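Everything on this sheet refers to the single structure shown next.
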Amino acid sequence: MKDNYYAIHPQILRIDSELPFHIYLRTKEGYSRLLAQGRTYAAFIHMKIFKYSISTLYIETSQIDSYFKYLEDNMDAINVDMLISVKSKARISHELITHLAKLALAAPDLKTIERYKKHIGFLVHFIFSQGDSIKYLIPLAATSFHEYNHLVNVGIYALGLLKEVIGDDDRYNTYEIGNGFFLHDIGKYDIPEEISRKQGKLSEIEWNIMKQHPQKGYDLLRELGQMTEEIGIIVLQHHERQNGSGYPRKIRGEEIHLYSMICTIADAFDALTSQRPYRQAQSSFNALKIMQNEMLQYFDPKVFAKFVLMFSKAKQVG
Numbered sequence: 002m003k004d005n006y007y008a009i010h011p012q013i014l015r016i017d018s019e020l021p022f023h024i025y026l027r028t029k030e031g032y033s034r035l036l037a038q039g040r041t042y043a044a045f046i047h048m049k050i051f052k053y054s055i056s057t058l059y060i061e062t063s064q065i066d067s068y069f070k071y072l073e074d075n076m077d078a079i080n081v082d083m084l085i086s087v088k089s090k091a092r093i094s095h096e097l098i099t100h101l102a103k104l105a106l107a108a109p110d111l112k113t114i115e116r117y118k119k120h121i122g123f124l125v126h127f128i129f130s131q132g133d134s135i136k137y138l139i140p141l142a143a144t145s146f147h148e149y150n151h152l153v154n155v156g157i158y159a160l161g162l163l164k165e166v167i168g169d170d171d172r173y174n175t176y177e178i179g180n181g182f183f184l185h186d187i188g189k190y191d192i193p194e195e196i197s198r199k200q201g202k203l204s205e206i207e208w209n210i211m212k213q214h215p216q217k218g219y220d221l222l223r224e225l226g227q228m229t230e231e232i233g234i235i236v237l238q239h240h241e242r243q244n245g246s247g248y249p250r251k252i253r254g255e256e257i258h259l260y261s262m263i264c265t266i267a268d269a270f271d272a273l274t275s276q277r278p279y280r281q282a283q284s285s286f287n288a289l290k291i292m293q294n295e296m297l298q299y300f301d302p303k304v305f306a307k308f309v310l311m312f313s314k315a316k317q318v319g
């Protein structure tokens, strides 16, 4: 965000749609309004934008919620727009899923969870149908620690790893598995901030509160009628460890489901590469090295090898 303006990609604007926000051009003198809220985005405006190679437009930050609602309403059209590159679609989709994850953690009611899951479905389709999409999504991972950033980062890493593990095998319900990945920590919605953002080690009481979030997430989603087998497995098991040292049930080895093991690996990687109140973020390369040398007893080594391969393919390690 710059000043009171937020940069947007011009290609998200749909011809003949009514805009619920003002759009601006950035000039040497500042920001100049191109089209007012409530006006129709006409084809001749669209043609001028691309005639003059305008790559970025702006909205007022005060209208950011209207912008994201417009994105939600138009993602199906954006998805099939051949003029929007895979790289741009990745950035647009990442923007929206981060916004929806933030809403979901702040107020996880039925309507909000359903909105979130709808766009998770888009991302699942995007990653599995676009061969190189993951290499554009991985660099967008936020390193600043917020629980909603963590939900999104883990969801993307886990979906990429799932694709490496199962390939084109259509026996798997990738949509519900994806929902589980992006909802894995939804039970943290009521963890006090003084615990979730504490600098230093948690007390025994605080740690016991933190360890309740898998069950709380499961209970919440079941109460909202949003529970499936795949989601339940991931939400309940994503902190279990291969050597039995995890929680809440301390299961081990083959007792841990493949979906949960994938989420566990993605979760550990994001924890290492995100800035936390108590330590600096690691680079991708260092994080993978730490996981290999110090944490491999927690993971299925074959699945972890696929995770390393995913980063090698995306050329994002370093």
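Quick note on this note's numbering: the sequence shown kicks off at 2 and runs consecutively.
We put the CB at the ideal spot given by N, CA and C, even for glycine.
Model, not experiment: these values are computed from the prediction.
- Annotation for Thr113: the continuous alpha helix (DSSP H) segment containing it runs Leu111 to Ser130.
- For Tyr68, the uninterrupted alpha helix (DSSP H) segment begins and ends at Ile65 to Val81.
- Contact between Ile13 and Asn75 holds, since their C-beta atoms are separated by about 7 Å, short of 8 Å.
- The Cβ atoms of Ala102 and Tyr137 do not sit closer than 7 Å to each other.
- Closest option to His151, judged by alpha-carbon separation, among Ile9, Cys264 and Ser130: Cys264.
- Counting along the chain, no beta strand (DSSP E) covers Leu225, and no H or E run does either.
- DSSP, reduced to helix, strand and coil, places Ser18 outside both helices and strands of the structure shown, so it counts as coil.
- Between the C-alpha atoms of Pro249 and His240 there is a straight-line separation of about 7 Å.
- Under the three-pair Cβ rule at 8 Å, the segment 289-309 counts as touching the segment 226-243.
- Taking all protein chains in view, the Cβ of Tyr71 is crowded by 16 or more other Cβ atoms within 10 Å, so the residue is classified as buried.
- The beta carbons of Ile128 and Leu160 sit closer together than 7 Å.
- For Ala142, there is no enclosing alpha helix (DSSP H), since its DSSP letter is neither H nor E.
- Taken atom to atom, the span from the alpha-carbon of Gly179 to that of Asp133 is near 18 Å.
- In the DSSP annotation of this structure, the continuous segment of the beta strand (DSSP E) that includes Ala8 starts and ends at Tyr6 to Ile9.
- Here the alpha carbons of His120 and Ile291 stand approximately 33 Å from one another.
- By the Cβ test, the segment 183-194 is in contact with the segment 220-233, since at least three Cβ pairs between them sit closer than 8 Å.
- When DSSP reads this structure, Gly31 sits in a beta bridge with Thr28.
- Following the DSSP letters along the chain, one finds Ile60 in no alpha helix (DSSP H) but inside the beta strand (DSSP E) bounded by residues Leu58 to Glu61.
- In this structure, Phe183 keeps its C-beta atom at 7 Å or more from the C-beta atom of Ser275.
- DSSP, read as helix, strand or coil, puts Arg280 in strand.
- Taking the Cα of Asp77 as reference, the smallest distance to any Cα among Ala107, Glu231 and Ile93 is reached at Ile93.
- Taking C-beta separations shorter than 6 Å and ignoring five residues to either side along the sequence, the partners of Leu106 in its chain run Glu148, Tyr149 and Tyr190, following chain order.
- Where Met296 is concerned, there is no enclosing alpha helix (DSSP H), because DSSP gives it neither an H nor an E.
- The segment 133-199 is shown to contain whole alpha helix (DSSP H) runs of 4 or more residues at 134-138, 148-167, 175-183 and 194-197, in chain order.
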